[in-house]
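Participant: Take a look at the following structure, please.
Numbering (the UniProt record's numbering), first residue to last: 1 to 519.
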């Protein structure tokens, strides 16, 4: 019974100790705050001691914590297919402020090789090509499986690229897997780069046992993995390289393209982990003006710019990332533009007149094949250097080397007789020197300038001209259609021919043979 009183006497003692602790804590804080206020007061009232006070403030931990505190700006809302501009103004000339870098001495080089593997000709070779059968590749795309969808002339599969004065290394799938052992090879870009990825997977998959290979198709990133080699071949959908409202690989048919020219994070967060990167960008910049929505813009005001200008801003962002992040252990390739074959004219072969060598010709036309001056009718198939809208007419500025005039006219004749200037029903490649009108010279020059800034950091797969010869290599009408065609369209096959992508096996296999050459 005597324990109860002893236990109760402990409560007042504990309360007293706790109370004393609280009082001392309050007094200490008051004194500390008073000291800080005194420093600030002295700083504002005594001009002679201002420099000393400022130094004391900077050394004060509490002052440092306050000075370094900044209110974070709300991150921009990620762009998607529902994104829209609240208003649109003309492009202001603004550019992202990237860290400047100097080009390597000597400028860029396409490859550290003595032979120009990109200059050559197509040779018919039905003994060594194709390198695989369309039906043997379980990962083939219906967009590219031309034979499956009705194409009976299979000669497009048997053409081999032969460089002048040298030979490509013979394709060896086992050697290629050894090059990739323990690595990630990632293709980054649009549907043309996806076609090259599918080509590479079809070239590589046959030697991997069924239980050792896995395909992981995802919305943004698709991965083919070979367990035996601890290696992967991947495709990242990034058609404009920078963040855009078209980054959904399936649902991207939008009325306007909106992009953030100063933001790569959505894509670079994926590609930064790859060991070998193969980039492309071109086709999506050919579809008219684009809208710029800068990351710092909080009111939804977009700036409109033409496709070439938008691509240059995106290439600047990409080049800055490469310069800042690529080390010698990482290999980076850039694939030049893949040509289309919607028209059979020839493009510019020179940039200006040169005495008697070149002649500039001015041609008025309501359409490209309706020349008012009958004497100039043949010249419309020369090199179109530009055009100017004149109401319902187009003024075509034609530049043609006089010495090449006859050869250029014959080049038009190499297209299938009766062709409407379209890849439909084309069965043979072009021979000789040829540049199609769809090979955009200003874009090529801009890309060249950008890559020159990076020197040898980026290897260039210059596939443009070698692919330009292959008017026969497109799917045309031999592909899967996701919507039923009307009778009117069915009556005009050229109107719905795909002259952009490439049948497989076919031209993209050669792009990968070139990649194999330089890895």
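Every residue gets a Cβ at the ideal spot worked out from N, C-alpha and C, and that includes glycine.
A quick note: this is a predicted structure, and the numbers were derived from the prediction, not measured.
(1) Give the secondary structure of residue 227 by DSSP, where H, G and I count as helix, E and B as strand, and everything else as coil.
(2) For the putative contact between residue 90 and residue 303, defined by C-beta atoms under 8 Å, what is the C-beta separation to the nearest angstrom?
(3) Rounded C-beta distance between residue 505 and residue 134? I'm assuming under 8 Å.
(4) Once the 5 residues before and after residue 155 are set aside, which same chain residues still bring their CB inside 6 Å of it?
(5) Skipping 5 residues on each side, what residues in its chain have a beta carbon closer than 7 Å to that of residue 165?
(6) For residue 108, is the classification buried or exposed, using 16 other Cβ atoms within 10 angstroms of its Cβ as the cut-off for buried?
(7) Apart from the five residues on each side of it in sequence, which residues of its chain come closer than 7 Å, Cβ to Cβ, to residue 262?
(8) Please report the distance separating the alpha-carbon of residue 290 from that of residue 282.
(9) Just checking my contact of residue 187 with residue 197 at CB under 8 Å: how many whole Å lie between their CB atoms?
(10) Please name the residue or residues paired with residue 291 in a DSSP beta bridge.
(11) Under a three-way DSSP split, which group does residue 450 fall into?
(12) When you compare only the Cα positions, how much space is there between residue 535 and residue 211?
(13) Name the DSSP bridge partner or partners of residue 459?
(14) Any idea which residues DSSP pairs residue 153 with across the strands?
(15) Where does residue 492 fall in DSSP's three states?
(16) DSSP state of residue 218, grouped into three classes?
(17) How about residue 341 and residue 471: do their beta carbons lie closer than 8 Å?
(18) With H, G and I counted as helix, E and B as strand and the rest as coil, what does DSSP make of residue 187?
(19) Please state if the CB of residue 146 and the CB of residue 503 are separated by a distance shorter than 8 Å.
(20) Rounding to the nearest angstrom, what Cα-Cα distance links residue 158 and residue 431 in this structure?
(21) Report yes if the C-beta distance between residue 466 and residue 195 is below 8 Å; otherwise report no.
(22) Note the first and the last residue of the continuous beta strand (DSSP E) segment covering residue 87.
(23) Near residue 287, what residues of its chain come up, given a Cβ to Cβ distance below 8 Å and the 5 sequence neighbours on each side ignored?
(24) Are residue 265 and residue 310 close, meaning C-beta to C-beta below 8 Å?
(25) Work out the CA separation of residue 222 and residue 520 for me, nearest whole Å.
(26) Going by the DSSP bridge assignment, what does residue 233 pair with across the sheet?
(27) What three-state label does DSSP hand residue 78 in the structure shown?
(28) First and last residue of the beta strand (DSSP E) that includes residue 122?
(29) Within its chain, find whatever has a CB closer than 6 Å to the CB of residue 76; leave out the 5 residues flanking it on each side and keep chain order.
(30) Rounded to whole angstroms, what's the CA-CA distance from residue 397 to residue 208? Just pull it up for me.
(31) Mind checking whether residue 201 and residue 132 have CB atoms under 8 Å apart?
Facilitator: Taking the structure as given:
(1) Residue 227 falls in the helix class under three-state DSSP.
(2) In this structure, residue 90 and residue 303 form a Cβ contact; the two beta carbons are roughly 7 Å apart against a cut-off of 8 Å.
(3) With a beta-carbon spacing of about 6 Å, residue 505 and residue 134 fall inside the 8 Å limit used to define contacts.
(4) Closer than 6 Å at the Cβ level, and outside the excluded window around residue 155, lies no residue.
(5) Counting only Cβ-Cβ distances below 7 Å, and skipping sequence neighbours, we find 115.
(6) For residue 108, the predicted model reports a pLDDT of 45, less than 50, meaning its position is unreliable; a value from the coordinates is still stated below. So residue 108 ends up on the buried side.
(7) Cβ neighbours of residue 262 beyond the five flanking positions: 96, 294, 295 and 317.
(8) Inter-residue distance for residue 290 and residue 282 is about 13 Å (C-alpha atoms, whole angstroms).
(9) Between residue 197 and residue 187 the Cβ distance is about 4 Å, and since that is below 8 Å, they are a contact.
(10) 258 and 304.
(11) Residue 450 falls in the helix class under three-state DSSP.
(12) Lying before the first or after the last residue shown, residue 535 is absent from the chain, which here runs from 1 to 519.
(13) Beta bridge pairing from DSSP links residue 459 with 333.
(14) Bridge partners of residue 153: none, in fact.
(15) Of the three classes helix, strand and coil, the one that applies to residue 492 here is coil, per DSSP.
(16) Reduced to three states, the DSSP call for residue 218 is coil.
(17) Yes, they are a contact pair.
(18) Looking at residue 187 - three-state DSSP - the assignment turns out to be strand.
(19) For the pair residue 503 and residue 146, the CB atoms are nearer than the 8 Å cut-off.
(20) In a straight line, the C-alpha of residue 158 is about 16 Å away from that of residue 431.
(21) Taking 8 Å as the Cβ cut-off, residue 466 and residue 195 do not qualify as a contacting pair.
(22) That run of the beta strand (DSSP E) goes 87-90.
(23) Annotation for residue 287: 257 and 307 place their beta carbon closer than 8 Å to its own, counting only its chain and skipping 5 residues before and after.
(24) It is not a contact, given that the beta carbons lie outside the stated cut-off.
(25) Coverage of the chain is limited to positions 1 through 519, which leaves residue 520 absent and any answer about it impossible.
(26) Residue pairing for residue 233: DSSP places it in a beta bridge opposite 185 and 224.
(27) Of the three classes helix, strand and coil, the one that applies to residue 78 here is coil, per DSSP.
(28) Element bounds for residue 122: 120-124.
(29) Cβ neighbours of residue 76 within its own chain (closer than 6 Å, five residues either side excluded): 295.
(30) The pLDDT assigned to residue 397 is 37, lower than 50, so where the model puts this residue is not dependable; a value taken from the coordinates is nonetheless given after this. Going by C-alpha positions, residue 397 is about 54 Å away from residue 208.
(31) No, the pair does not count as a contact, with Cβ atoms beyond the cut-off.
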